[in-house]
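*Asks:* Read in order, the letters of the sequence shown correspond to residues 1 to 144 in my numbering. The beta-carbon is built from N, C-alpha and C at its ideal position, and this holds for glycine as well. Below is one structure. I have some questions about it.
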Amino acid sequence: MLPNKKILEFINKHHVLSLSMILPDHQLWACNAFYVFNEDSMCLYILSDVKTIHGNAMLTHSHVAGTISIAPKTVAKIQGIQFQAIASRLADHDATQAYSHYYRKFPFARMIKAPIWSLKLQRIKMTNNLMGFAHKTHWVRTVE
1 MLPNKKILEF INKHHVLSLS MILPDHQLWA CNAFYVFNED SMCLYILSDV KTIHGNAMLT
61 HSHVAGTISI APKTVAKIQG IQFQAIASRL ADHDATQAYS HYYRKFPFAR MIKAPIWSLK
121 LQRIKMTNNL MGFAHKTHWV RTVE
């Protein structure tokens, strides 16, 4: 089941996420990344080399959490997404399709030789003060 239309619009409108993960030594780490949203599969695609701290961490611990947010000047305009996802490095046909999706949005990324990852969204909480102070909308992936 797809999330509320406002959640989909917000994710589609933006392109940078903040991502947190657990390192192989069980410490925490965070990074920012450009993303492309695949609405049909409810996945975010990012590029990341496995030699990066976050890329290596996702190989070890696939459960990640993140945010997509804006920086408004007033509380009344706060909007943002908090999410949980399962990260997986894509290969073969899945990678080819994801790269195509990614390069359509970010043509300059063709110069970056890095694996493409899927962040399969599991849970989303959207805060949208434009709909009322502290208005929350939730989505949870159903069993497939």
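1) Tell me whether residue 87 is buried or exposed, calling it buried when 16 or more other Cβ atoms sit within 10 Å of its Cβ.
2) Within 10 angstroms of its Cβ, does residue 100 collect 16 or more other Cβ (buried), or is it exposed?
3) Is the beta carbon of residue 68 sitting closer than 9 angstroms to the one on residue 140?
4) Would you decide whether residue 128 is buried or exposed? Buried here means 16 or more other CB atoms lie within 10 Å of its CB.
5) Determine contact between the stretch 69-80 and the stretch 104-114, defined as no fewer than three beta-carbon pairs at a distance below 8 angstroms.
6) State yes or no: is the C-beta of residue 58 within less than 9 angstroms of the C-beta of residue 121?
7) Please confirm whether residue 29 and residue 54 have their CB atoms less than 9 angstroms apart.
8) Is DSSP giving residue 137 helix, strand or coil here?
9) Which residue wins for smallest C-alpha separation from residue 78, given the options 138, 23, 126 and 14?
10) Taking Cβ to Cβ, would you say residue 22 is nearer than 9 angstroms to residue 35?
*Replies:* Inspection of the coordinates gives the following:
1) In the sequence shown, residue 87 corresponds to position 87, counting from 1. Counting Cβ neighbours within 10 Å, residue 87 comes out buried, since at least 16 surround it.
2) Residue 100 sits at position 100 when you count from the first residue of the sequence shown. Exposed.
3) By one-based count along the sequence shown, residue 68 stands at place 68. By one-based count along the sequence shown, residue 140 stands at place 140. Annotated as distal: residue 68 and residue 140, with beta-carbon spacing of 9 angstroms or more.
4) Locating residue 128 in the sequence shown gives position 128, where the first residue counts as 1. Residue 128 is buried by the Cβ-count criterion.
5) They do not touch, by the three-pair rule.
6) If you number the sequence shown from 1, residue 58 lands on position 58. If you number the sequence shown from 1, residue 121 lands on position 121. No, the Cβ-Cβ distance between residue 58 and residue 121 is not below 9 angstroms.
7) In the sequence shown, the residue the question calls residue 29 occupies position 29. In the sequence shown, the residue the question calls residue 54 occupies position 54. Yes; because the gap between Cβ atoms is below 9 angstroms, this pair is in contact.
8) Locating residue 137 in the sequence shown gives position 137, counting from the first residue. Look at residue 137 here: in three-state DSSP terms it is strand.
9) Against the sequence shown, residue 78 aligns to sequence position 78. When 138, 23, 126 and 14 are compared, the shortest CA-CA separation from residue 78 is found for 126.
10) Counting from 1 along the sequence shown, the entry for residue 22 is found at position 22. Counting from 1 along the sequence shown, the entry for residue 35 is found at position 35. No; because the gap between Cβ atoms is not below 9 angstroms, this pair is not in contact.
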